[in-house]
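Chains as they are written, first to last, in our numbering: chain A, 318 to 613; chain B, 4 to 429. Ideal placement from N, C-alpha and C gives every residue a C-beta, glycine not left out.
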């Protein structure tokens with residue numbers, strides 16, 4: 318070690334410098350700045366007008382039922398989206414993992430919503446969910462009525478709005494996770510699967526005992542990335558429900574955005590962002606710990 | 004192998020030359036930075052033409068005009084970021100109700116000496132009221148807005164409703180008309196309760212609250228407790244909620260123009276739909292002021308207006324631009340032709356013969372008599388967001404009193420938390 322350090326230590330630091338400088342400027346400095354703001358009442362429009370408030374904004378946010386609710390909403394959304402989206406993505410990947418060219422079209426079809434702009438999809442799904450008022454009705458409600466079921470106001474009933482956004486988000490995001498699974502599936506060694514077939518293992522046994530264990534790290538990756546994406550929920554509620562009804566779909570990012578740009582309350586938004594960072598950072602570390610366990 | 008070293012001197016010379024070039028470029032010709040909202044295509048094309056004419060005129064004194072557009076909802080964000088970075092444009096548009104907020108943050112230069120008393124008299128009173136904070140003028144617009152109730156004369160006749168007076172319905176008359184229209188099999192009213200822009204709710208429905216003697220915030224601009232959820236407001240909004248509860252208006256419409264498309268008989272809307280409705284309805288188009296509770300209407304007004312940065316690099320040029328863009332011939336004419344808004348200058352009405360007749364004549368009349376700007380408080384953005392959220396929930400059946408008390412609580416909480424910093428000397 319000491320020999321390495323003597324021989325290469327100084328040049329190594331110089332080589333590290335560009336990366337460290339970039340990290341410092343684009344990661345560390347904004348975080349420190351945000352931390353500083355979070356301890357002050359700062360007006361975005363008049364940033365020179367600052368007042369030290371210590372941890373007041375943190376205690377205020379933590380005691381604010383609405384802010385706790387946006388965390389709860391976002392976590393609930395993640396709980397709905399992450400397992401369902403991961404499972405569906407895996408099922409789709411297993412389904413479309415076939416060499417015939419026709420299946421490529423199905424893969425493209427599943428992947429298509431991922432590349433479409435979310436605001437466009439938000440408008441599309443608002444139309445699909447349209448309730449039966451004013452002589453108009455969206456296709457989903459029309460289908461329900463045709464089946465003899467009751468039409469619902471999907472985006473405006475407090476118990477339905479968040480699940481409705483979750484369904485739309487799963488539909489939108491499942492294609493990307495499917496592609497990740499598909500890549501992992503196609504990298505599976507064929508000889509192991511063929512050997513299992515020769516040993517008399519059926520399709521279900523091959524999936525349960527060979528494919529799934531081999532995909533463990535991919536599953537952990539997909540779950541952690543989907544969790545982070547789910548926690549960054551913003552466009553869907555912002556455009557489709559505006560966080561309503563009764564705040565049931567307001568997400569953390571929407572709350573932070575509104576604090577920053579509507580209330581122009583930079584200090585409070587920074588405190589909120591710090592709390593958000595703690596939660597998402599904690600989840601990421603947890604996923605890393607799980608992945609490390611596998612490698613060990 | 005060692006990489007070949009660049010001769011140090013040539014490096015420094017290069018950087019120095021670049022810096023000099025940039026510096027020299029900025030100095031050689033003054034640049035007036037103007038920021039505006041994007042608006043419709045015709046509107047920003049018109050503003051470009053106005054800017055080019057200004058540039059070519061003697062008023063610009065050879066300076067260059069750098070005109071930047073931002074989507075309407077994005078303009079305030081960009082201005083906030085620019086303010087935080089100390090990089091405000093010289094002159095910019097902002098939405099009328101935010102003038103007090105920008106004044107409070109000391110971002111605007113007063114404009115009192117920019118116009119003579121006779122010029123100020125030429126502006127609609129609503130424009131002056133919108134731009135004046137604590138007795139000083141900080142913003143003037145080239146145009147204003149008006150909210151009205153359009154109706155379909157043929158549908159009214161078929162339902163047996165007497166043609167109303169342009170002063171509009173009192174609430175009981177509106178309900179009676181809705182009942183008759185519903186009985187005749189027509190959806191009565193479009194209230195655009197699905198609008199995603201918060202401002203729609205405050206803009207379109209505050210006049211109803213005002214007409215019953217209600218307010219959104221007290222005149223000091225710092226107290227909503229006991230004001231927003233006043234018995235008058237609760238009563239007004241319970242009546243308003245009835246429109247949705249009884250199915251007279253959709254609380255989740257998807258069609259942005261059900262009136263124009265012939266699906267509903269009345270449209271709670273504004274000047275921006277006048278040309279389109281006229282083209283579609285022709286002689287069947289009727290218009291009146293918005294429904295009211297009391298004997299007098301209080302009318303909505305307000306739109307984008309121009310301000311000069313308190314730290315403008317070229318304040319004198321900015322003042323000239325502001326005079327240019329708000330003058331009838333050089334600014335108002337082209338903008339109003341493009342966006343169909345109501346001219347801000349009385350002298351400009353002569354350029355628009357349509358204002359001799361309805362519906363346009365009603366817009367002007369409302370702005371001359373009884374128009375009232377939305378509350379001028381530094382906390383307007385929070386107030387309007389909370390009010391809009393409450394109205395959305397109320398349209399979907401929330402209990403009016405408790406929902407208003409909740410909105411009141413959150414606005415007051417923010418005001419109380421942030422007021423001490425504002426009161427400290429900057």
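Looking at the DSSP output, residue 72 of chain B sits in a beta bridge with B:39. Interface residue (Cβ-Cβ distance to chain A less than 8 Å): residue 405 of chain B is not classified as such. The beta carbon of residue 575 of chain A falls within 8 Å of a beta carbon belonging to chain B, placing the residue at that interface. Interface annotation for the region 341-368 of chain A against chain B: 357, 358, 359, 360, 361, 362, 363, 364, 365, 366, 367 and 368, criterion Cβ-Cβ distance under 9 Å. Residues of chain B whose Cβ lies closer than 8 Å to the Cβ of residue 578 of chain A are, in chain order, 79, 80 and 83.
Around the Cβ of residue 365 of chain B, a 10 Å sphere holds 16 or more other Cβ atoms; the residue is buried.
Close to residue 108 of chain B, with beta-carbon spacing below 7 Å, are these residues of chain A in chain order: 360, 362 and 363. With a cutoff of 8 Å on beta-carbon distance, residue 558 of chain A and residue 501 of chain A are scored as not near each other. Taking a contact to require three or more Cβ pairs closer than 8 Å, the region 61-78 of chain B and the region 550-564 of chain A do not qualify as touching. The DSSP-derived three-state label of residue 203 of chain B is helix. Here residue 127 of chain B is buried, its C-beta having at least 16 other C-beta atoms within 10 Å.
Annotated three-state conformation of residue 415 of chain B is helix, per DSSP. Close partners of residue 257 of chain B in chain A (Cβ separation under 8 Å): 443, 444, 447, 453 and 455. Of all alpha-carbon atoms in B:98, B:223 and B:260, the one lying nearest the alpha-carbon of residue 380 of chain B is that of B:223. DSSP places residue 581 of chain A in the coil class of the three-state scheme, outside both helix and strand. DSSP places residue 575 of chain A within a helical segment (H, G or I) once states are collapsed to three. Proximity of chain B to residue 383 of chain A at the Cβ level (cut-off 9 Å) is accounted for by 413, in chain order. Taking 8 Å as the cut-off, the Cβ atoms of residue 219 of chain B and residue 378 of chain B count as close. In the structure shown, the three-state DSSP call for residue 257 of chain B is coil. Between the C-alpha atoms of residue 81 of chain B and residue 94 of chain B there is a straight-line separation of about 14 Å. Taking 8 Å as the cut-off, the Cβ atoms of residue 148 of chain B and residue 274 of chain B count as close. Counting along the chain, the unbroken alpha helix (DSSP H) around residue 53 of chain B starts and ends at 44-59. A residue is called buried once 16 or more other Cβ atoms fall within 10 Å of its Cβ, and residue 146 of chain B is buried on that count. Distances from the CA of residue 326 of chain B to each of B:49, B:53, B:169 and B:270 were compared; the closest alpha carbon is that of B:53. Only residues of its own chain outside the window of five on either side were considered, and among them 387, 388 and 391 have a CB closer than 7 Å to the CB of residue 201 of chain B, listed in chain order. In the three-state reduction of the DSSP assignment, residue 79 of chain B falls in the helix class, which pools H, G and I. Residue 487 of chain A and residue 447 of chain A have their C-alpha atoms spaced approximately 19 Å apart. Contact annotation: residue 140 of chain B and residue 115 of chain B have beta-carbon atoms nearer than 8 Å.
Within chain A, 473 and 562 have C-beta atoms less than 7 Å from the C-beta of residue 399 of chain B, given in sequence order. Here the region 482-496 of chain A lies against the region 393-411 of chain A, with 3 or more beta-carbon pairs under 8 Å apart.
Shown here for residue 596 of chain A: same chain residues with a beta carbon closer than 8 Å to its own, the five before and five after excluded, namely 388 and 548 in chain order. Residue 536 of chain A places its beta carbon 8 Å or farther from that of residue 509 of chain A.
Under the 8 Å criterion on CB atoms, residue 581 of chain A is classed as interfacial with respect to chain B. Contacts with chain B at 8 Å (Cβ-Cβ) do not include residue 469 of chain A. For residue 105 of chain B, the C-beta contacts it makes with chain A under 8 Å involve 362, in order along the chain.
A straight-line Cα-Cα distance of about 21 Å links residue 263 of chain B and residue 182 of chain B.
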